[in-house]
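Only one structure is covered here, and it is reproduced in the block below.
Numbering (the working numbering), first residue to last: 254 to 869.
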């Protein structure tokens, strides 16, 4: 002890103790294997033992852990325990009082007004505002006392009510809401029945609003009266626009003010009407009189004829068709059977005649004139079209193929009629197709049989692809990348990055960053003259001879049969075969030779110095 008890040290078999006044200290209990720190005692104490327990008390905050759990307490408001052994973690915020228990019963109580709980097989509670319970036993339960509710799941489900109204069951079904009465039921019938405004019943449909009934398939009394049936229809009504009657078994019609007056009949139909003014129709064996609303017309019989005076005049014939109009917009003429079409200044595109080919037609549409003619005498099956604005020409064959060409005339040579084709296509059955733009500067594609194709975009120097269908294929992009495949060889490169060539006998050439290569065959023999060093070069002959070089000849390795040579210019070179070998360093500063059973040495460009017989 120093200065009374200002500072104390104690050491014994039970404990070691160091303390400053009574406020701070360190204590090691050897028997309990526990360490205690007091920092401003009794406000803060830390305890730890060798079995993993740890506790810190710094009032009002306490926290700690042992092997199986963790806890923290901010007294008295907050409690937290996490314990895997007790299957969970628990938090209690005291407001104004709480309690929990974490064994297998799992309880939690609070009395703020009253909340009681349990976890396994539920049993909850509450009377906060105002009541709730959950028993989860004896057929399960839920109970809420605000204006009362009750929920039970089995036997045979259930739901009760009063938050506005409810009844519900599941076994043998029942459902209700009681807001002015909704219902649905199965046991002892019902199945829907409502009295909202104003009565409705579901099976065999009844509605009492002013009245709709569906026992004998529909009856309505809205304003006022109706009847019904839809299968092979029948209907009847009186006031919706006054009186309508429809029918079948084969047609019958009376309308009065639906659109305006009509009568009916049957057996291949008829009709009369007095809309503005007069309509009469029949269908089989045709007969039509229409005036004013359809702006004239007449009709006739089964061979059909029709006249009309809608601006001014129209003719409709058949035995195989003819249409004619004169002032509707300015002359239209149609015909079928080997087809024909005429049109002059008809500004509405939908009114364009559309006879099928083979055809003869000419027309003018907003200063566009074009014509078609079937030239049977010159070329059977060929139809030709010429047009102006934009200048257009098309030739179409119907026996072996078709082509379309859009042409534009150069104005200063127009009088000579020299066309420059903007686009051309040619198709011959399924075997041959060709598309091209002028002078092949933009686009050209040719396809012949399923396996052969040729495509050029821009020009051959921009993009060119060709597949010959027999194992040969060419691809060029901007003349910088190519991929050429033949049955006997393959060549590929991206200038000036790399080139690669091979042949089927096994010859290989590959080089990297060699901008002056030749496009020779892959024999392994061609030589390069390069103003710029090639970074990487590899060649291989079909017989297995090969050469590898790096940065021109900075490093080079050759294999020729059983002979191997290696050169690292200018430092050393080495060559070897079964009959001879040679080694030199700094280009004959030092060199060694073995050949024909003799060995020799050179030093600083000296004559050979013999070293005697062969040594193995």
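For every residue, glycine included, the Cβ atom is placed at its ideal position computed from N, Cα and C. This one's a predicted model, so the numbers in the text were calculated from it and none came from an experiment.
Residues 525, 542 of the same chain have their beta carbon placed closer than 6 Å to that of residue 533, with the five preceding and five following residues left out of the count.
Remark: C-beta atoms of residue 316 and residue 309 approach each other more closely than 7 Å. Put simply, of 824, 586, 831 the residue whose alpha carbon is nearest the alpha carbon of residue 813 is 831. Taking C-beta atoms under 8 Å as the contact rule, residue 515 and residue 521 fail to qualify, at a distance of about 17 Å. For residue 802, the enclosing beta strand (DSSP E) has its first and last residue at 799-803. Annotation: the continuous beta strand (DSSP E) that includes residue 288 extends over 287-292. By the Cβ-count criterion, residue 272 is buried, with 16 or more other Cβ atoms from all chains shown falling within 10 Å of its own Cβ. Secondary structure at residue 379: coil, using DSSP grouped into helix, strand and coil. Residue pairing by DSSP places residue 763 opposite 753, 791 in a beta bridge. In this structure, DSSP gives residue 728 an extended state, which the three-state scheme calls strand.
Residue 260: member of the beta strand (DSSP E) spanning 260-264, first to last residue.
In the three-state scheme derived from DSSP, where H, G and I count as helix and E and B as strand, residue 389 is classed as coil. In the three-state scheme derived from DSSP, where H, G and I count as helix and E and B as strand, residue 312 is classed as coil.
Taking each of 487, 512, 500 in turn and checking the Cα distance to residue 493, the smallest one comes out for 512.
Under the three-state reduction of DSSP, residue 546 is assigned to helix. Distance from the Cα of residue 697 is smallest, within the candidate group 766, 713, 705, for 713. Taken atom to atom, the span from the alpha-carbon of residue 573 to that of residue 721 is near 50 Å. Look at residue 584 here: in three-state DSSP terms it is coil, with no helix or strand label. Spatial neighbours of residue 556 in its own chain (CB-CB distance under 8 Å, excluding positions within 5 residues in sequence) are listed in chain order as 571, 572. In its chain, beyond the 5 residues on either side, 717, 735 have a beta carbon closer than 6 Å to the beta carbon of residue 729.
Per the coordinates, the alpha-carbon of residue 809 lies some 24 Å from the alpha-carbon of residue 758. An exposed status is given to residue 266, since fewer than 16 other beta-carbon atoms sit within 10 Å of its beta-carbon. When the five nearest sequence neighbours on each side are left out, the beta carbons in the same chain lying within less than 6 Å of the beta carbon of residue 299 are those of 290, 309, in order along the chain. Taking the C-beta atoms as reference points, residue 793 is found no nearer than 7 Å to residue 811. Looking at the backbone, the Cα of residue 491 and that of residue 500 are separated by about 15 Å. The three-state secondary structure of residue 829, taken from DSSP, is strand. Non-local C-beta neighbours of residue 529 in its own chain, meaning closer than 7 Å and more than five positions away in sequence, comprise 545, 546, ordered along the chain.
Pairing residue 833 with residue 853 gives a Cβ-Cβ distance that is not under 7 Å. Looking at the DSSP output, residue 497 bridges to 490, 508.
Considering only 288, 726, 798, 331, the residue with the shortest C-alpha distance to residue 269 is 288. Secondary structure of residue 565 (DSSP, three-state): coil. Bridge partners of residue 821 according to DSSP: 808, 825. Under the DSSP assignment, residue 578 falls in the beta strand (DSSP E) whose first and last residues are 575-578.
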